[in-house]
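These notes are about the structure you will find just below.
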Amino acid sequence: SFKNDNTLIAFFGRLNYSYDGKYILAATLRREGSSRFGVNNKWGNFPAISGAWNISQEDFMKNITWVNSLKLRVGYGETGNSGFSNNASRVTLGGGGKYLFPDGQYLETYGPDRNPNPNLKWETKQETNIGIDFSLLGNKLTGQLDLFKRRTKDLLDTYTSPQPPFIRNYIYTNVGTISSKGIELSLGYAAFNTKDFAWNIDATASTLSNKLDTYSNDQYKVLYKTFGGIGGAGSLGNAIVTYEGGALGEFWGKKFAGFTPEGKWLFYNRNGEKVANDQINNSRDKSVTDLQKIGNAIPKYYASLTNDFRYKQFDLRIFLRGKFDYDILNRNALSYANKVWSGNLLKSTFGKYSQINDTYQYSDYYLESGSYLKVDEVTIGYDFNFKTKLIRNMRVYLTGQNLATITGYTGSDPDFILDSGLGPSVDNSGAYPSTRSFLFGLNVGF
Numbered sequence: 101s102f103k104n105d106n107t108l109i110a111f112f113g114r115l116n117y118s119y120d121g122k123y124i125l126a127a128t129l130r131r132e133g134s135s136r137f138g139v140n141n142k143w144g145n146f147p148a149i150s151g152a153w154n155i156s157q158e159d160f161m162k163n164i165t166w167v168n169s170l171k172l173r174v175g176y177g178e179t180g181n182s183g184f185s186n187n188a189s190r191v192t193l194g195g196g197g198k199y200l201f202p203d204g205q206y207l208e209t210y211g212p213d214r215n216p217n218p219n220l221k222w223e224t225k226q227e228t229n230i231g232i233d234f235s236l237l238g239n240k241l242t243g244q245l246d247l248f249k250r251r252t253k254d255l256l257d258t259y260t261s262p263q264p265p266f267i268r269n270y271i272y273t274n275v276g277t278i279s280s281k282g283i284e285l286s287l288g289y290a291a292f293n294t295k296d297f298a299w300n301i302d303a304t305a306s307t308l309s310n311k312l313d314t315y316s317n318d319q320y321k322v323l324y325k326t327f328g329g330i331g332g333a334g335s336l337g338n339a340i341v342t343y344e345g346g347a348l349g350e351f352w353g354k355k356f357a358g359f360t361p362e363g364k365w366l367f368y369n370r371n372g373e374k375v376a377n378d379q380i381n382n383s384r385d386k387s388v389t390d391l392q393k394i395g396n397a398i399p400k401y402y403a404s405l406t407n408d409f410r411y412k413q414f415d416l417r418i419f420l421r422g423k424f425d426y427d428i429l430n431r432n433a434l435s436y437a438n439k440v441w442s443g444n445l446l447k448s449t450f451g452k453y454s455q456i457n458d459t460y461q462y463s464d465y466y467l468e469s470g471s472y473l474k475v476d477e478v479t480i481g482y483d484f485n486f487k488t489k490l491i492r493n494m495r496v497y498l499t500g501q502n503l504a505t506i507t508g509y510t511g512s513d514p515d516f517i518l519d520s521g522l523g524p525s526v527d528n529s530g531a532y533p534s535t536r537s538f539l540f541g542l543n544v545g546f
C-alpha cells in the first residue's frame with residue numbers, strides 16, 4: 101500500500117487606499133502553512149506593498165496636451181515556494197539492501213533512509229519593481245516600462261551532510277541565494293485608423309541577467325553546480341557549470357585553438373597557449389583549470405512584434421517573436437560529425453567537421469548562436485455582413501502557425517531547446533521536430 105499527502109493552509113489580508121485619484125496605496129499580507137516543512141518552520145509570512153502616482157492628474161500637467169495618461173508605480177513583494185516532495189523534512193524508513201541470517205533464514209533490515217530537518221523552511225522570492233504606464237499623442241501611443249530586481253533566498257536543495265552527527269550522508273535543506281534583474285518594455289501604436297483602413301502595432305522587449313550569489317554556508321559547502329549533460333559519445337559529462345558568484349547557464353569547457361596537420365585537437369590553456377588535448381587541465385577548480393567560460397545558454401534579450409491590419413472587411417494579423425544573444429551546444433554535430441568513428445563515408449558528408457581525425461571532445465567548436473526570429477502566427481480573415489434575421493454576421497479565416505524560423509543555428513529548432521532555469525539544457529535531439537500547422541475556421545453569428 102502507499103499513502104502520500106500534504107496539507108496547505110493560508111490566510112490573506114488586503115488594504116487599499118486612494119486619495120483624489122492621484123495617489124494609490126495597496127498592501128497585502130499572506131500567511132501560509134505547509135506540512136512539508138520542518139516542525140520549527142511550517143509557517144511563512146509573505147507581505148507585499150505597492151504605490152502609484154497618477155502624474156497626469158496633477159495641475160501642472162493640464163497644459164501638456166500630448167500626454168493623455170502618465171502613472172508611476174513602485175512595489176515590493178514576497179512569495180514562498182513549497183514545491184518539493186512530501187516528507188523531505190522527516191525521517192523515513194526503507195530497506196537498505198542489508199540482510200540478517202538467523203536460523204538459516206534471510207531477513208531484510210529496515211532503517212532510516214533520510215535525515216530529518218526540523219528547520220526546513222520556505223524558499224522565499226523577494227521582488228522590487230518600479231514602472232511607468234503612459235498614453236500619448238491622443239492615445240495613439242501606449243506602453244509600459246518596468247525595471248525589476250529579484251532575490252530568491254533559502255534555496256531548497258539536497259546537500260552532503262557529515263556523519264556523524266547525521267545518519268545518512270545527504271540532507272534536504274535551505275542554503276543558497278539567486279538574484280536577477282531586468283527591464284521589460286511593451287508598446288502599442290495605432291498607426292492608422294480610418295473608415296476603410298486600420299493598422300495597429302504591438303511590441304514587447306525585455307532583458308534579464310541571473311546570478312548565483314551563494315550556494316554554501318558554514319555547514320554545507322557546494323562551490324559549483326553542473327548541468328546540461330552532454331550524453332552521447334565520449335562520456336563527456338556536463339556542459340554547464342554554475343559557480344558561486346557567477347551567472348546562471350554558463351558553458352565551461354575547452355577553448356578551441358585549431359587542429360594539427362594530422363587533424364588532432366588543439367586547445368588554449370589558461371595562459372593562452374595552444375596545447376594538445378592531453379595537456380589540458382580539466383579540473384573544476386577555477387584556480388588551476390584550463391577550462392574556460394565559453395558561452396551562455398540563457399537568452400539575454402527577448403522580443404515580439406504584432407501587426408494587425410484591417411482593410412474594409414479583410415483583416416490580417418502577423419505575430420513574430422524571438423530570443424537573442426545566447427548559445428546552444430550542438431550535440432548532434434559533436435556525436436555524429438566525426439569520421440573517425442563513422443565508418444567509410446565521403447569526406448564531403450561532414451562539411452567543416454571533415455578535418456577532425458581525433459576523439460570526441462567538448463569545446464566551443466560545437467557552440468553556435470541560438471538567436472532566432474520566428475514567424476509564429478499569421479491569420480487572414482474576411483467578415484461578411486448579412487442583413488437577414490437568420491444570420492447577423494459570418495467570418496472566415498485561415499491561420500498558419502510556426503511558419504518560418506530565421507536563425508543561423510544548424511541543429512534543431514532553437515525554440516524547442518530548453519534555455520531557462522537553473523540548468524538549461526543542450527540540443528540533444530530530445531524534442532519532437534517542430535511542424536507547421538494550418539487552421540481554417542468559420543464563425544457565424546445568429
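Quick note: the sequence shown uses our numbering, first residue 101, plus one each step. Think of the CB as a built atom: it goes at the ideal place given N, C-alpha and C, for glycine as much as any other residue. These numbers were taken from a predicted model, which means no experiment stands behind them.
Delimiting residues of the alpha helix (DSSP H) encompassing residue i
i	result
N141	Careful: N141 lies outside any alpha helix (DSSP H) and carries neither H nor E.
Residues near residue i by beta carbon distance below 7 angstroms, same chain, minus five either side
i	result
N269	T260, S261, Q263
T273	N217, L220, Y259, Y320
A552	Lying outside 101 to 546, the shown extent of the chain, residue 552 is not represented and no answer is given.
I267	P212, N215
Assigned secondary structure, residue i (DSSP; H/G/I helix, E/B strand, else coil)
i	result
L434	helix
I164	coil
D527	strand
F111	strand
Q226	strand
G328	strand
F538	strand
G288	strand
D159	helix
P361	coil
Q319	coil
S169	strand
F516	helix
Contacting residues, own chain, Cβ-Cβ under 6 angstroms from residue i (five flanking each side not counted)
i	result
G545	R492, N493
Y289	L241, I301
F450	A437, K439
L336	I330, Y462
G481	D415, R495, Y497
Distance, residue j Cα to residue i Cα
i	j	result
G524	Y119	In the sequence under discussion, the amino acid at residue 524 is Pro, which differs from the Gly named in the question. One C-alpha to the other measures close to 47 angstroms.
V139	G521	30 angstroms
N106	N187	9 angstroms
P514	T128	40 angstroms
Q379	A397	27 angstroms
G422	L115	40 angstroms
I232	I164	17 angstroms
G500	F540	9 angstroms
N382	T389	6 angstroms
K162	I155	10 angstroms
F424	Y472	6 angstroms
N369	F111	57 angstroms
G395	R173	36 angstroms
T488	N543	16 angstroms
F486	K412	15 angstroms
Supposed contact pair residue j and residue i - C-beta distance, whole angstroms, cut 8 angstroms
i	j	result
T277	K253	5 angstroms
L108	E132	7 angstroms
G508	S463	About 19 angstroms; that fails the 8 angstroms criterion.
A298	L405	Actually they do not touch by this definition, with Cβ atoms about 17 angstroms apart.
Y453	A433	6 angstroms
K354	L391	6 angstroms
L308	S280	6 angstroms
First and last residue of the uninterrupted beta strand (DSSP E) at residue i
i	result
V475	472-485
D408	401-411
K253	241-253
W352	350-353
P212	207-212
W365	365-368
V375	374-376
W299	297-314
V341	338-343
V496	493-507
N274	270-274
F450	Careful: F450 lies outside any beta strand (DSSP E) and carries neither H nor E.
R384	It is not in any beta strand (DSSP E) - R384 carries neither H nor E in the DSSP assignment.
Sequence-distant residues of the same chain with beta carbon closer than 8 angstroms to residue i, five excluded per side
i	result
L236	W166, V167, N168, T242
N317	V275
K474	L420, R421, G422, N502, A504, T505, I506, D515
L255	E223, N274, V275, G276, T277, I278, Y315
K142	G133, S134, S135
L193	Y210, G211, P212, D213
R536	G500, Q501, N502, L503
D387	The amino acid occupying residue 387 in the given sequence is Ser; Asp does not appear at that position. Result list for S387: empty, nothing under 8 angstroms.
Below-8 angstroms beta-carbon distance, residue i vs any chain D residue
i	result
T179	The structure shown contains no chain D; it is built from a single protein chain.
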